[in-house]
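S.K.:
There are 2 protein chains.
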Amino acid sequence: MPRYTELVSSLPATVPFVGPETQERAMGRPFRARIGANESVFGPSPRAVAAMCGAAAEAWKYGDPENHDLKQTLAAHHGIPAASITVGEGIDGLLGNLVRQTVGPATPVVTSLGAYPTFSFHVTGFGGTLHQVPYRNDCENPSGLAAAAHETGAALVYLANPDNPMGTFVTAAEVLSLRDALPGDALLCLDEAYCDFAPPGALPPLDVTDTRMIRMRTFSKAHGMAGARIAYAIGHPDLIASFDRVRNHFGVSRIAQAGALAALQDTDWLARVVAEVEMARARICRIATENGLDTLPSATNFVTIDCGQDGAFARCVLRELVRDGVFVRMPSVAPLDRCIRVSAGRPADLDIFAEALPLALNRARNP
Amino acid sequence: MPRYTELVSSLPATVPFVGPETQERAMGRPFRARIGANESVFGPSPRAVAAMCGAAAEAWKYGDPENHDLKQTLAAHHGIPAASITVGEGIDGLLGNLVRQTVGPATPVVTSLGAYPTFSFHVTGFGGTLHQVPYRNDCENPSGLAAAAHETGAALVYLANPDNPMGTFVTAAEVLSLRDALPGDALLCLDEAYCDFAPPGALPPLDVTDTRMIRMRTFSKAHGMAGARIAYAIGHPDLIASFDRVRNHFGVSRIAQAGALAALQDTDWLARVVAEVEMARARICRIATENGLDTLPSATNFVTIDCGQDGAFARCVLRELVRDGVFVRMPSVAPLDRCIRVSAGRPADLDIFAEALPLALNRARNP
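If you read the protein sequences in the order shown, they are chains A and B. Using my numbering, the first residue of the first sequence is number 885, and each one after it goes up by one. Using my numbering, the first residue of the second sequence is number 885, and each one after it goes up by one.
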């Protein structure tokens, strides 16, 4: 066998998430409702779909490696210089490149216990040492993250805000306090995948003079383009330029670039999706209440439902839902794992969930 | 500033290639003929375009992280197990992940002097030490590569066959001799991006019991899907499984997966593109001859034209072509850089080239 690096030899061939298609193949039938990966079942903007179709015929051309047009439009949209934006293959791709720049063997990294597994996958993959801070009252714990960063001498600290998998948020003031409380050479990676669903007061103003924080935004959630693989990072131009040392320069699909550009311009569609998500969240809460379950307040496009018992019970509820054709997911660690996580669906998706949940609860209670 | 890794701090913010869009923006006008990046100007199969359009509306879903359907179809197509195939974000993405697995600080790596810059970008990016073997008679030099691998104790050896940027090829027997001549723990990375244009006898049979060689294939060239970002590697299942330790599992676009599946099934389109490329190559040779220039035999979708003088002269010819709206590229190092590289174009593209070449030569000869 070839000489793998010592680091790679030590890694498991792991998968951060099992995809719904894998589960469908195992079950031998498709899901009736796909409301488990916080995808936007409302779809991309029709203008984005048209742009992607147009670009498909032109897909013989490599995408612009500078992502120029999209970056210019994003810059105007956010009122920041284009040099403070880098475009990548989804936040997953950007996180991989950020970790690669800042994490080597045994570099201390701080995240929350139960937070986004793909971030942890990248940290482990580059040899970093993860320090995981428990949630506090189902929210990420900024002061705990800051304390852990000092104790461990962390180079990188990860915070998703609004949060996944709990759907909660911390205020912009708390985010900035966390940033200010970190060691001077630590970088705060603020994953804002769900920012379009956030309430006022959750998002710090963009400040591209700040070298202590980098922000991640995506077209995968509110813009409904998860399958196209396109996202961007916002930060100080020096932080952003550094991505050019390691990124796959021709890595962003031409089709995705065209779709993202059109999606960004269709503000009506975005507003409509946000309104649909709000209605869907309310409906998921009603369904939970009708079944005697509590829900967590959501600042995202999903609702986290407290199944009222322990992780074993919630896993049982989840398994029954999946068996019944409803794709949902759940947090991985206690005490978060007393919950299941249901993405905003169309009325028809949520009809199926409303029908399936009481059956799943009944089977979980009477195994 | 954050604590970058020592390795990343040492890297330049470099770009393996300047994109044609960057040149167009600098010139303030579009190219008249885009025949510089060995893209397939004949486009993707109409069936692939239709599949990509269909997938665009479904782009709210993440792509299947296992790339299951595409891998099954590729497996049947090649008569190999699906476990010997991994799908990635273009060969560029696969090369990055292969280098990450096998190359760390100061790991010796062997490639050809003037070969694919993106491979070298990845090796440098992971801290490896490049050993570059000169071409021999405008062909890559397998025995020279093998000797360098022994001298340096290389972990990884790169060979593009057919070759880019010269368009030449070595025989399957030479490839296998190279593999057999390597140190036992060295891995041969065989980049076969241009395999669909190769003459009989260039491609070794697929042998997925072989742990000493991994093959890279792409939908970017003959299949005309460079902008969709999808390619695959073929190798021993243990080599292939190892990619799961580091790859971005949800990194391949759903749209690209759908397009690739359709493209693979449209064998008529592929045959038509190969025939068009053959005609275009003949035309490029005629144009060169009419201008008193020699061409190299091509096993690819481009023709390398010997401008008959040194690198300075060829760069001058290239600059004049670019100024005149013809996007072409050239090899980067002497003596290869006496040549320019012209991709197979449609008749209209080559009409423009035929008109522009004598003017460019004249200007280069009479500056």
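Here a beta-carbon is modelled for each residue, glycine too, at the ideal position from N, C-alpha and C. Computed from a prediction, not measured in an experiment: that's the story for all the values here.
1) Using the beta-carbon of each residue, which ones in chain A are nearer than 8 angstroms to R1129 of chain B?
2) Can you tell me whether G988 of chain B is buried or exposed? The criterion is at least 16 other CB atoms within 10 Å of its CB, across all chains shown.
3) Please report whether the beta-carbon of S968 of chain B lies at a distance below 9 angstroms from any beta-carbon of chain A.
4) Looking at the unbroken alpha helix (DSSP H) that takes in P1231 of chain A, where does it start and where does it end?
5) Pick from B:R909, B:V983, B:P928 and B:V1187: whose alpha carbon is nearest that of D1022 of chain B?
6) Just the chain B side, please: which residues come within less than 9 angstroms of V925 of chain A by C-beta, in chain order?
7) Measure the alpha-carbon distance for I1098 of chain B versus D976 of chain A and round it to whole angstroms.
8) Return the first residue and the last residue of the alpha helix (DSSP H) that G1209 of chain A is part of.
9) Can you give me the C-alpha to C-alpha distance between A1106 of chain B and P1089 of chain B, rounded to a whole angstrom?
10) List the residues of chain B that S1137 of chain A touches, going by C-beta distances under 7 angstroms, in chain order.
11) Looking at the C-beta of C937 of chain B, does it have a partner C-beta in chain A at a distance below 9 angstroms?
12) Can you check the region 997-1078 of chain A for any alpha helix (DSSP H) of at least 4 residues that lies completely inside it and give the ranges in chain order?
13) Mark D1047 of chain A as exposed unless 16 or more other C-beta atoms lie within 10 angstroms of its C-beta, in which case mark it buried.
14) Could you name the residues of the same chain whose beta carbon sits closer than 7 angstroms to that of R918 of chain A, not counting the 5 residues immediately before and after it, in chain order?
15) Run through the DSSP bridge pairs and tell me what F1186 of chain B is partnered with.
16) Measuring only the C-alpha atoms, how far is F1010 of chain A from T986 of chain B?
17) Enumerate, from N- to C-terminal direction, the unbroken alpha helix (DSSP H) stretches of 4 or more residues contained entirely within the region 1090-1156 of chain B.
18) Going straight from the alpha carbon of L1123 of chain A to that of G920 of chain B, what length do you get?
19) CB A943 of chain B to CB P928 of chain A, shorter than 9 angstroms?
20) Could you list which residues in chain B have their beta carbon closer than 8 angstroms to that of P1231 of chain A, in chain order?
21) When DSSP labels each residue in this structure, what does G828 of chain A get in the three-state scheme?
22) Which of the residues in the region 948-964 of chain B, read from start to end, lie with their CB under 9 angstroms from any CB of chain A?
23) Check whether the Cβ atoms of A966 of chain A and K945 of chain B lie closer than 9 angstroms to each other.
24) Are P847 of chain B and T1055 of chain B closer than 9 angstroms when you measure CB to CB?
25) Indicate whether I1189 of chain B and A1172 of chain B have their beta-carbon atoms separated by less than 9 angstroms.
26) Are the C-beta atoms of A1039 of chain A and some chain B residue less than 9 angstroms apart?
27) Starting from L1071 of chain B, find everything on chain A with Cβ-Cβ shorter than 7 angstroms and list it in chain order.
28) Is there a Cβ from chain B that is less than 9 angstroms from the Cβ of P928 of chain A?
29) Among B:T991, B:R1222 and B:L1205, which has the Cα closest to the Cα of T1179 of chain B?
30) Examine chain A for any beta-carbon lying closer than 9 angstroms to the beta-carbon of D1080 of chain B, and answer yes or no.
31) Using a Cβ-Cβ cut-off of 7 angstroms (strictly less than) and excluding sequence neighbours within five positions of T1102 of chain A, which residues of its own chain qualify?
32) Which residues in the same chain as P1215 of chain A place their Cβ atom closer than 8 angstroms to its Cβ, once the five residues preceding and following it in sequence are excluded?
33) Since G938 of chain B is in the alpha helix (DSSP H), which residue starts that stretch and which ends it?
34) Quick check: what's the CA-CA separation for V1017 of chain A versus F1134 of chain A?
35) Closer than 9 angstroms between beta carbons: that is the criterion. Which residues of the region 1048-1067 of chain A meet it against chain B?
36) Among all the DSSP beta bridges, which residues are the ones paired with R918 of chain B?
M.R.: Let's see:
1) Here residue 1129 of chain B is taken as the residue at index 245 of the second sequence, counted from 1. Ordered by position in chain A, the residues that pass the 8 angstroms Cβ test against R1129 of chain B are V892, L895, P896, A897, T898 and G1009.
2) Locating residue 988 of chain B in the second sequence gives position 104, where the first residue counts as 1. It is buried - the Cβ of G988 of chain B has at least 16 other Cβ atoms within 10 Å.
3) Position 84 of the second sequence, counted from the first residue, corresponds to residue 968 of chain B. It does not; no Cβ of chain A falls within 9 angstroms.
4) In the first sequence, counting from the first residue as 1, residue 1231 of chain A sits at position 347. It spans P1231 to R1249 - the alpha helix (DSSP H) in which P1231 of chain A sits, taken as one unbroken run.
5) Taking the first residue of the second sequence as position 1, residue 1022 of chain B is located at position 138. Nearest option by C-alpha distance: B:V1187.
6) The sequence position of residue 925 of chain A within the first sequence is 41, counting from 1. Here the neighbours are W944 and K945.
7) Stepping through the second sequence from its first residue, residue 1098 of chain B is reached at position 214. Stepping through the first sequence from its first residue, residue 976 of chain A is reached at position 92. Between I1098 of chain B and D976 of chain A, the C-alpha separation is close to 26 angstroms.
8) Numbered from 1 along the first sequence, position 325 holds the residue referred to as residue 1209 of chain A. Run containing G1209 of chain A: none; DSSP gives neither H nor E here.
9) Sequence index remark: in the second sequence, residue 1106 of chain B carries index 222 (1-based). Sequence index remark: in the second sequence, residue 1089 of chain B carries index 205 (1-based). Looking at the two C-alpha atoms, the distance is approximately 20 angstroms.
10) Here the question's residue 1137 of chain A lines up with position 253 in the first sequence. Residues of chain B passing the Cβ test: G1111, A1112, R1113, S1137 and A1140.
11) For the purposes of this step, residue 937 of chain B is identified with residue 53 of the second sequence, where counting begins at 1. Yes, its Cβ sits closer than 9 angstroms to a Cβ of chain A.
12) 1001-1009, 1026-1036 and 1056-1065
13) Working through the first sequence from its first residue, we reach residue 1047 of chain A at position 163. Per the 10 Å Cβ criterion, buried.
14) As a first step, residue 918 of chain A must be located in the first sequence, where it is residue number 34. Excluding residues within five positions, the ones whose Cβ falls inside 7 angstroms are P904, V925 and F1211.
15) Within the second sequence, numbered from 1, the residue matching residue 1186 of chain B stands at position 302. F1186 of chain B pairs with B:S1227.
16) Here residue 1010 of chain A corresponds to residue number 126 of the first sequence, with the count starting at 1. Here residue 986 of chain B corresponds to residue number 102 of the second sequence, with the count starting at 1. Annotation: F1010 of chain A to T986 of chain B spans about 13 angstroms, alpha carbon to alpha carbon.
17) You should have 1121-1126 and 1138-1149.
18) Here residue 1123 of chain A is taken as the residue at index 239 of the first sequence, counted from 1. Here residue 920 of chain B is taken as the residue at index 36 of the second sequence, counted from 1. Each residue's alpha carbon lies about 32 angstroms from the other.
19) As a position in the second sequence, residue 943 of chain B is number 59, starting the count at 1. As a position in the first sequence, residue 928 of chain A is number 44, starting the count at 1. Against a cut-off of 9 angstroms, the Cβ pair of P928 of chain A and A943 of chain B comes out as a contact.
20) Here residue 1231 of chain A corresponds to residue number 347 of the first sequence, with the count starting at 1. Those within 8 angstroms of P1231 of chain A in chain B number zero; the least Cβ separation is about 16 angstroms.
21) Limits of chain A in this structure are 885 at one end and 1251 at the other, which puts residue 828 of chain A out of reach.
22) D948, P949, E950, H952 and D953
23) Your numbering for residue 966 of chain A matches position 82 in the first sequence. Your numbering for residue 945 of chain B matches position 61 in the second sequence. For A966 of chain A and K945 of chain B, no; Cβs fall outside 9 angstroms.
24) The first residue shown for chain B is 885 and the last is 1251, placing residue 847 of chain B beyond what the model contains.
25) The residue given as residue 1189 of chain B occupies position 305 in the second sequence. The residue given as residue 1172 of chain B occupies position 288 in the second sequence. Yes; because the gap between Cβ atoms is below 9 angstroms, this pair is in contact.
26) Along the first sequence, read from residue 1 onward, the residue named residue 1039 of chain A stands at position 155. At least one chain B Cβ lies under 9 angstroms of A1039 of chain A.
27) As a working note, residue 1071 of chain B is residue 187 in the second sequence. The contacting residues are P886.
28) Mapped onto the first sequence, residue 928 of chain A falls at position 44. Output row for P928 of chain A: interface = yes.
29) Position 295 of the second sequence holds residue 1179 of chain B. Closest option to T1179 of chain B, Cα to Cα, is B:R1222.
30) Your numbering for residue 1080 of chain B matches position 196 in the second sequence. Judged by the 9 angstroms Cβ criterion, D1080 of chain B is not in contact with chain A.
31) One-based indexing of the first sequence puts residue 1102 of chain A at position 218. The residues are G974, I975, A1077 and A1115.
32) Taking the first sequence and counting its residues from 1, one reaches residue 1215 of chain A at position 331. Correct list, in chain order: G998, P1049, M1050, T1188, D1221, C1223 and R1225.
33) Mapped onto the second sequence, residue 938 of chain B falls at position 54. P930 to A941 is the extent of the alpha helix (DSSP H) around G938 of chain B.
34) The residue given as residue 1017 of chain A occupies position 133 in the first sequence. The residue given as residue 1134 of chain A occupies position 250 in the first sequence. So the alpha carbons of these two residues sit roughly 36 angstroms apart.
35) none
36) Reading the second sequence from its first residue, position 34 is the one you call residue 918 of chain B. Answer is B:F1211, bridged to R918 of chain B.
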